[in-house]
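Enquirer: Final position of the first sequence in our numbering is 369; the numbers increase by one with none missing. C-beta atoms are modelled at their ideal positions from N, C-alpha and C, and glycine is treated no differently.
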Amino acid sequence: MNKMQDINFFEKVYRVAEMIPYGRVTTYGAIAEFLGQKSSARMVGWAINKSDLNRIPAHRIVNRLGLLTGKQHFGDINIMQQLLENEGIAVSDNKINDFEKFFWDPCKEIDKKLF
DNA sequence: GAATTGACGTTCT
DNA sequence: AAGAACGCCAATT
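Okay, structure coming up:
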């Protein structure tokens, strides 16, 4: 039976992911930390894997080094990079340039009380 | 139902 | 400094 009041871990991840602003990026770990489960960054990536790419801007989520580790899941390896560059984020050698500059930390930017 | 798997991150060697 | 090991925990096999 479903606990309808209780939002799934997946659903939480989606909510945060949807809030990532255009032209910014964040990390799996940051989302996990925001959700209060610091060590389950893996789950975040996994949730997104199972998510609907039409709904979630998954290309704005990278690992903590700014590497496009999930590009393999976009069908075509180039899509993720293209989407990022389309938003003004330069990517070279699988890595986001000036990653810290584009990094969007949900802990800082989102009011937890909104959740 | 046990074992394996992950779009990760930290810690230990 | 670089690589291996381990923790995380839901879903899949």
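Could you tell me the alpha carbon to alpha carbon distance between residue 324 and residue 365, rounded to whole angstroms?
Expert: Stepping through the first sequence from its first residue, residue 324 is reached at position 70. Stepping through the first sequence from its first residue, residue 365 is reached at position 111. If you take the alpha carbons of residue 324 and residue 365, they lie about 27 Å apart.
Enquirer: Would you kindly check if the distance between the Cβ of residue 285 and the Cβ of residue 322 is under 9 Å?
Expert: By 1-based counting over the first sequence, the position of residue 322 is 68. By 1-based counting over the first sequence, the position of residue 285 is 31. Their beta carbons are not under 9 Å apart, which means residue 322 does not touch residue 285 by this criterion.
Enquirer: Can you have a look at residue 326 and say buried or exposed, based on whether 16 or more other CB atoms are within 10 angstroms of its CB?
Expert: Your numbering for residue 326 matches position 72 in the first sequence. The residue in question, residue 326, is exposed, as its Cβ has fewer than 16 Cβ neighbours within 10 Å.
Enquirer: In whole angstroms, what is the alpha-carbon distance linking residue 363 and residue 269?
Expert: Translated into the one-based positions of the first sequence, residue 363 becomes position 109. Translated into the one-based positions of the first sequence, residue 269 becomes position 15. Those two C-alpha atoms are separated by around 14 Å.
Enquirer: Looking at the unbroken alpha helix (DSSP H) that takes in residue 340, where does it start and where does it end?
Expert: Working through the first sequence from its first residue, we reach residue 340 at position 86. Looking at the DSSP string, the run of the alpha helix (DSSP H) that includes residue 340 is 331-340.
Enquirer: Taking the beta carbon of residue 344 as the centre, do at least 16 other beta carbons fall within 10 Å, making it buried, or is it exposed?
Expert: Position 90 of the first sequence holds residue 344. Under this definition residue 344 is an exposed residue.
Enquirer: Tell me where the alpha helix (DSSP H) around residue 288 begins and ends.
Expert: Counting from 1 along the first sequence, the entry for residue 288 is found at position 34. Residue 288 -> alpha helix (DSSP H) spans 282-288.
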